[in-house]
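S.K.:
Numbering (the UniProt record's numbering), first residue to last: 1 to 379.
(1) Is DSSP giving residue 259 helix, strand or coil here?
(2) Are the beta-carbon atoms belonging to residue 27 and residue 232 less than 8 Å from one another?
(3) Which partner residues does residue 248 have in the DSSP bridge list?
(4) Name, in chain order, the residues that DSSP records as bridge partners for residue 227.
(5) Is it the case that the region 257-267 contacts the region 44-54, given that we only count it when at least three CB pairs across the two stretches are under 8 Å?
(6) In whole angstroms, what separates the C-alpha of residue 379 from that of residue 2?
(7) Please state whether DSSP places residue 370 in a helix, a strand or coil.
(8) Take residue 222 as the anchor and find which of 230, 303, 212 has the nearest alpha-carbon.
(9) Give a yes or no on contact between the region 127-139 and the region 148-155, applying the rule of three or more CB pairs nearer than 8 Å.
(10) Quick one: grab the DSSP three-state call for residue 306.
(11) Please report the Cβ distance between residue 217 and residue 182, rounded to the nearest whole angstrom; I am assuming they are in contact, meaning their Cβ atoms lie under 8 Å.
(12) Helix, strand or coil, according to DSSP, for residue 381 in the structure here?
(13) Quick check: the region 22-41 against the region 264-272, are there 3 or more CB pairs under 8 Å?
(14) Determine the contact status of residue 48 and residue 175, defining contact as a CB-CB distance below 8 Å.
(15) If I measure Cβ to Cβ from residue 76 and keep anything under 7 Å in the same chain, skipping five residues before and after, which residues do I get?
(16) Return the CA-CA distance between residue 275 and residue 88, expressed in angstroms with no decimal places.
(17) Going by beta-carbon coordinates alone, are residue 91 and residue 78 separated by less than 8 Å?
(18) Between 248, 98, 170, which lies nearest to residue 123 when the distance is taken from Cα to Cα?
(19) Are residue 164 and residue 115 touching if we call contact CB-CB under 8 Å?
(20) Measure how close the beta-carbons of residue 286 and residue 272 come, nearest whole angstrom, since I'm counting them as under 8 Å.
(21) Tell me residue 315's beta-bridge partners as DSSP assigns them.
(22) Just grab the DSSP bridge partners of residue 293 for me.
(23) By alpha-carbon positions, which one of 292, 282, 277 ends up nearest to residue 304?
(24) Could you work out which residue in 199, 281, 159, 300 is closest to residue 321 when comparing CA atoms only?
(25) Could you tell me the distance, in whole angstroms, from the CA atom of residue 138 to the CA atom of residue 145?
(26) Taking the runs of the alpha helix (DSSP H) that are 4 residues or longer, which of them lie wholly in the region 109-157?
(27) Return the Cβ separation of residue 85 and residue 64 in integer angstroms, given the expectation that the two are a contact with Cβ distance under 8 Å.
(28) Would you mind listing the alpha helix (DSSP H) stretches within the region 34-113 that are 4+ residues and don't spill past its ends, in chain order?
(29) Please list the terminal residues of the continuous beta strand (DSSP E) segment that includes residue 201.
(30) Quick one: residues in its chain with C-beta nearer than 6 Å to the C-beta of residue 9, no 5 flanking neighbours on either side, listed in chain order?
(31) When DSSP labels each residue in this structure, what does residue 26 get in the three-state scheme?
(32) How big is the Cα-Cα spacing for residue 306 and residue 316?
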């Protein structure tokens, strides 16, 4: 079987005030081209389909369109799990009906979760959907206290392996932070405070391939376990990362070979650094259409630098000074400039509560802000 591993689409993402959906749809079009040209037999999406629990209507439409092409047009069996950004119950809508058309969605974790049985000319392949599961959820479902994500995942894996023949070929889809994997600063949302969010790679030893989601950098953890990385670059800390998908060929014995393929967005992310006059009078034209973070090294402030530089670089998303950082770092008002509404509230929360927001609180904040923005658009 030849299958494609993707994850972390984050449909509906807003990046420094810019709605990325148009770019995301373009990249998904490229993904569809890969599926056709590479003769893919099945598609696995390892979580974070949406960027927030209550996605904008346009993001839902985009997902509906791509799934329609996959299922109705190309007849590609597709397996989807929920990530920590998704609302698992919303994602689960219609799952029983969709399963009859080879679209297999697993939103909430459950003791009743069954493997998805696919097949090729050599026999069945069992896909084990392991959606993001918080320890409290696993505790409630299992009746046994789970204090870490590793304990929750171990319970999920044990449950689904009990429903798969021991010698069968097995693929895991999991949305988790594996101990030792490369984390991108300011990119992936923490799953929990401290070290309780990480899980051991050895938990997946029973599987012939593990399709991981959550971390945005594509990376190999072993010959049989990979993060494919996010659909696009969603943070300036991801500038140097190559985005793409992983094609996996599995033989009759369950041995796999992997082939990473790149995805090219309409606009790349870049960071430009230099003096204002140099950037303005000696433009780097190869960066013109990129989404930019500009770091000015001038020792004194420049009048209206962003609008003036936009005559050369029309897609400036962030602009700041390196030379003035030491002078301004102790100014709270200056430190808050350029922060999103989410970042401002999280800063306020940490100031009052003396701790960071947990995942449930971050999801609630995202839902409230989304509702507020939608009401504002219709006011």
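Here a beta-carbon is modelled for each residue, glycine too, at the ideal position from N, C-alpha and C.
M.R.: Reading it off the structure:
(1) In this structure, DSSP gives residue 259 an extended state, which the three-state scheme calls strand.
(2) When the beta-carbon positions are compared, residue 27 and residue 232 come within less than 8 Å of each other.
(3) In DSSP, residue 248 forms a bridge with 3, 258.
(4) Bridge partners of residue 227: 212, 219.
(5) These segments do not touch.
(6) Below a pLDDT of 50, predicted positions are generally treated as unreliable, and residue 379, at 48, falls in that range; the measurement from the model is reported next regardless. Answer to the nearest angstrom: the Cα atoms are 49 Å apart.
(7) Residue 370: helix per DSSP, three-state reduction.
(8) Looking at the Cα atoms, 212 is the closest of the given residues.
(9) Between the region 127-139 and the region 148-155, the count of C-beta pairs closer than 8 Å reaches three or more; the two stretches touch.
(10) If DSSP states are grouped into helix, strand and coil, residue 306 belongs with the helices.
(11) In this structure residue 217 touches residue 182 by the C-beta definition: roughly 5 Å separates them, less than 8 Å.
(12) Past the edges of the chain, shown from 1 to 379, lies residue 381, and the structure says nothing about it.
(13) Judged by pairs of C-beta atoms under 8 Å, the region 22-41 touches the region 264-272, as three or more such pairs exist.
(14) One thing to note: residue 48 has its Cβ within 8 Å of the Cβ of residue 175.
(15) Here the set comprises 35, 40, 42, 43, 70.
(16) Between the alpha carbons of residue 275 and residue 88 lies a gap of roughly 47 Å.
(17) No, the Cβ-Cβ distance between residue 91 and residue 78 is not below 8 Å.
(18) If we check each option's Cα against that of residue 123, 170 comes out closest.
(19) Against a cut-off of 8 Å, the Cβ pair of residue 115 and residue 164 comes out as a contact.
(20) Contact doesn't hold; Cβ gap of about 11 Å is too wide.
(21) DSSP lists no beta-bridge partner residue for residue 315.
(22) Per DSSP, 271, 318.
(23) Here the closest residue by C-alpha is 277.
(24) Scanning 199, 281, 159, 300 for the CA closest to the CA of residue 321 turns up 300.
(25) Approximately 8 Å between the Cα atoms of the pair.
(26) Fully enclosed alpha helix (DSSP H) runs of 4 or longer: 135-142.
(27) With a beta-carbon spacing of about 18 Å, residue 85 and residue 64 fall beyond the 8 Å limit used to define contacts.
(28) As summarised for the region 34-113, the continuous alpha helix (DSSP H) elements at least 4 residues long and confined to that stretch are 57-68, 88-91, 95-99, given in chain order.
(29) Per DSSP, residue 201 is not a residue of any beta strand (DSSP E), being assigned neither H nor E.
(30) Here the set comprises 49, 231.
(31) In this structure, residue 26 counts as helix in the three-state DSSP scheme.
(32) Roughly 7 Å between the two C-alpha positions.
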